[in-house]
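Only one structure is covered here, and it is reproduced in the block below.
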Amino acid sequence: MMDISIQLPDEIFDSFRCKPQEFVKKMKLAAAIHWYQKGEISEKKAAQIAGLSHRDFVMSLAEEKISVSTIGLDQVKEDVSNQRKEFIRSLRGKYKNYLSPSDFFMQQKQREIEWEERNK
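Following the working numbering, the residues of the sequence shown are numbered contiguously, the last one being 330.
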């Protein structure tokens with residue numbers, strides 16, 4: 211593990227009303243949450259950065275009212291679209307002899323015309 215040293219004004223600790231060690235914990239958690247929300251790191255990696263267990267990191271997210279799921283609406287739409295396409299592809303082989311509704315309608319109309327011509 212690598213140690214990193216940063217210099218901060220003393221007033222920072224007064225503003226946060228905490229000791230330097232506590233501030234470092236808060237900073238690590240804030241950074242982990244930030245990168246997690248941006249989708250740059252996983253929950254597991256964020257928990258490591260924050261120095262927490264996975265469970266404690268998820269609890270920290272809940273305390274901050276941050277969604278645990280990083281999947282966006284666009285990703286959900288894409289997944290649903292892909293699943294729909296895959297489902298349709300799977301049906302093509304099973305029902306290749308079946309007609310579409312418009313083809314069925316045309317076939318019925320053609321039969322009616324042929325029947326009328328025979329029965330004139």
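Each residue gets a CB set at the ideal place from its N, CA and C atoms; glycine is no exception.
Remember, predicted model here, so these are calculated numbers, not experimental data.
{"Query": "Whether or not the region 283-296 and the region 257-267 are in contact is what I'm after, with contact meaning three or more pairs of Cβ atoms, one per stretch, closer than 8 Å; do they touch?", "Result": "no"}
{"Query": "If you follow the alpha helix (DSSP H) that M237 is part of, which residue opens it and which one closes it?", "Result": "P230 to Q247"}
{"Query": "Is the shortest distance between the beta-carbon of A242 and the beta-carbons of chain C less than 9 Å?", "Result": "Structure shown: chain C not included; a single protein chain is present."}
{"Query": "For E326, which of helix, strand or coil comes out of DSSP?", "Result": "helix"}
{"Query": "Looking at the secondary structure, which residues open and close the alpha helix (DSSP H) in which I216 lies?", "Result": "No alpha helix (DSSP H) holds I216; DSSP gives it neither H nor E."}
{"Query": "How big is the Cα-Cα spacing for S270 and V290?", "Result": "31 Å"}
{"Query": "Judging by CA-CA distance, which residue of K330, K319 and P230 is the nearest neighbour of I216?", "Result": "P230"}
{"Query": "Determine, using beta carbons only, whether K236 and F226 come nearer to each other than 9 Å.", "Result": "yes"}
{"Query": "Return yes when the Cβ of F267 is within less than 9 Å of the Cβ of A242, no when it is not.", "Result": "yes"}
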